Each structure stands twice: as structure tokens, then as C-alpha cells.
Amino acid sequence: MNAKRSLVLILMLGMMVQAACAPAAGVAGACPTPAIDTELLTDREAGYCLLYPTKYSTEVPHYIVINPASAPGDQLGAAWVSIDTEPAAGRTAAQAADAQVSAAGSGFNITRSEASVDGEQAVVVDGLPGPDPWRKVFIVHNDRLYTLTFLPWQPAAEGAGQQPSLETLYEIIMQSFHFLPTGS
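The sequence shown: position 158 = 148 (this note's numbering), numbered continuously.
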């Protein structure tokens, strides 16, 4: 019987240690903890924090750039994500996505899917017309619209598929994105 109690006690202590070490999702101001190969990006004014791979650049505001270009020009690097925020004005993520899809018109192979980002419903849209193929993620939190644009996003149907580094960046951001309180 003592062995059974000891085992239960060890299991309970193990669960308590795991809970104490886990990121505090949903807690205001609790950003994810960087690992050895990631950095923390915090934008308190825009109301978010997230992780990104260490070797990428965040020198341009609201952008995370893969293989940054050293020469000036209209290309920031091999690929990037831009993060834009604006008042949602009562719109949901689905309504914001619908407006962009509607503005694009017909004749495009636009696809939509849903995801969850820090407990909020997100709408992922591929195939919107733009300068290059891109993926847009629309999220609304506290009446603020967050639009994440991953560029260039190559749909799998067009050949070789997605650049592995951009897919990795997408996965890291979607898993680590955390909302912070804003002053607005």
C-alpha cells in the first residue's frame, strides 16, 4: 500500500512540476520562453509577443525576414512575415477574411481554413492575388485585427511546395503567438 501511495505522490509531483514549467498561456503579459534556437519578439504597442528562429532578422518593424538582403531594394530577403494590426471595428476574423476574398473577385484559387492562435479563432487564407503568392492569417482579439502575411507562400499544387524555412517560421509563430494587453 505504501508503494502505491508513493507512486501516486510521485505522479502528482511530476504533474505539478510540468504545470509550473509550462508557458502561462492565456495569462496577460506571459510571453513564451525562447529555446536555444529561437528569440522572443515583443510588440507591446501592437499587443503581441511571439518566438522566431534566431537566425532571422527583425530589424524592419513588423517584419521577420528570412535570409535578409544586404543590398537596398524592394526585396527584404528570401521570405518574410509581416504583422499588421488595426482596430477590428466589431468585425470577426472571418468577416475580415471574407472582405479580402470578396475584394479579390473571382477567377482565383482561394482556399480558407481555420486555426486557433492563443485561444482565438483564426482564418487562414491562401491564394489571394498579390505581388507573390502569400498566406494571410486573420485573428481578432479584444476588437483588434491582427493580419499575418507570409510571403512568398508557394501552394503545394504549384510544384515543389513550400520553402521549408517559411513553413517552419509559420509553425513557430502560430504556436507561440501570444496576445498582450494594449493601452487602447
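The beta carbon of each residue, even a glycine, is placed where N, CA and C say it ideally should be.
Quick caveat: nothing in here was measured; it's all calculated off a predicted structure.
- At a Cβ-Cβ threshold of 7 Å, Ala83 and Val50 do not count as neighbours.
- Assignment of Ser155 by DSSP, reduced to helix, strand and coil, places it in the helix class.
- Judged by DSSP in its simplified three-state form, Asp88 adopts helix.
- In terms of Cβ geometry, Phe98 and Gly120 do not form a close pair [threshold 7 Å].
- Closest option to Glu76, judged by alpha-carbon separation, among His52, Ala93, Ala69 and Val91: His52.
- Annotation: Ser92 to Ser155 spans about 30 Å, alpha carbon to alpha carbon.
- One thing to note: Ile73 has its Cβ within 7 Å of the Cβ of Leu138.
- Under DSSP, the beta-bridge partners assigned to Lys126 are Val115 and Thr139.
- Excluding its 5 nearest sequence neighbours in each direction, Ala87 has C-beta neighbours in its own chain below 6 Å: Val113, Val115 and Phe128, listed in chain order.
- As DSSP reads the structure, Cys39 sits in a beta bridge with Thr32 and His168.
- In the structure shown, the three-state DSSP call for Ile73 is strand.
- Scanning its chain for C-beta atoms nearer than 7 Å, with the 5 sequence neighbours on each side dropped, one finds around Phe140 the residues Val71, Trp124, Arg125, Leu156 and Tyr160, in chain order.
- Within the same chain, Pro13, Leu30, Cys39, Leu40, Leu41, Ser166 and His168 come within 8 Å of Pro22 by CB-CB distance, once the 5 residues on both sides are set aside.
- For Asp27, the closest alpha carbon among the candidates Asp33, Ala36 and Pro43 is that of Pro43.
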